[in-house]
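In our numbering, the protein residues as written are 238 to 351.
Have a look at the structure below, then the notes.
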């Protein structure tokens, strides 16, 4: 995961001094991460591996572009657990860790909006 300074610098570099674009970019990142958390949770409740796979693929470019490495690693771990064991205790443990990580990441991005 990027630290807040690195994430902010990457966003500033992309915005090239355009404060409106910077704000829109931060909002888009935040919205994408919120969607990831929501859809991942829905996939868990519904035991829908396809739903989880689709949101992983949808958010992957954002994770790579903005160096959310810990989130990407967590998603990969979840994929491996689902492939090997399905929706069992190991996935539940992973999911709780994922939620904690997402809360931290979302807080970091939210702070950039302020």
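Positions of the beta carbon are idealized from the N, C-alpha and C atoms, including for glycine.
8 Å CB neighbourhood of residue i in its chain, flanking five on each side removed
i: residue 264; result: 350
i: residue 250; result: none
i: residue 347; result: 267
Nearest residue (CA-CA) to residue i, options the options
i: residue 343; options: 313, 294, 271, 295; result: 271
i: residue 312; options: 289, 247, 285; result: 289
Beta-carbon contacts of residue i that lie in its chain and below 7 Å, excluding the five residues immediately before and after
i: residue 318; result: 327, 328, 331
i: residue 252; result: 258, 259, 262
i: residue 269; result: 296, 299
Cβ pair residue i, residue j closer than 7 Å
i: residue 307; j: residue 338; result: yes
i: residue 248; j: residue 273; result: no
i: residue 345; j: residue 245; result: no
i: residue 284; j: residue 324; result: yes
Cutoff 6 Å; reference residue i; Cβ partners in own chain excluding five residues on either side
i: residue 280; result: 288, 289
- [ ] Jot down the residue ranges of each uninterrupted alpha helix (DSSP H) in the region 257-307, minimum 4 residues, whole runs only, in chain order.
- [x] Taking only runs of at least 4 residues, the alpha helix (DSSP H) segments lying wholly in the region 257-307 are 286-302.
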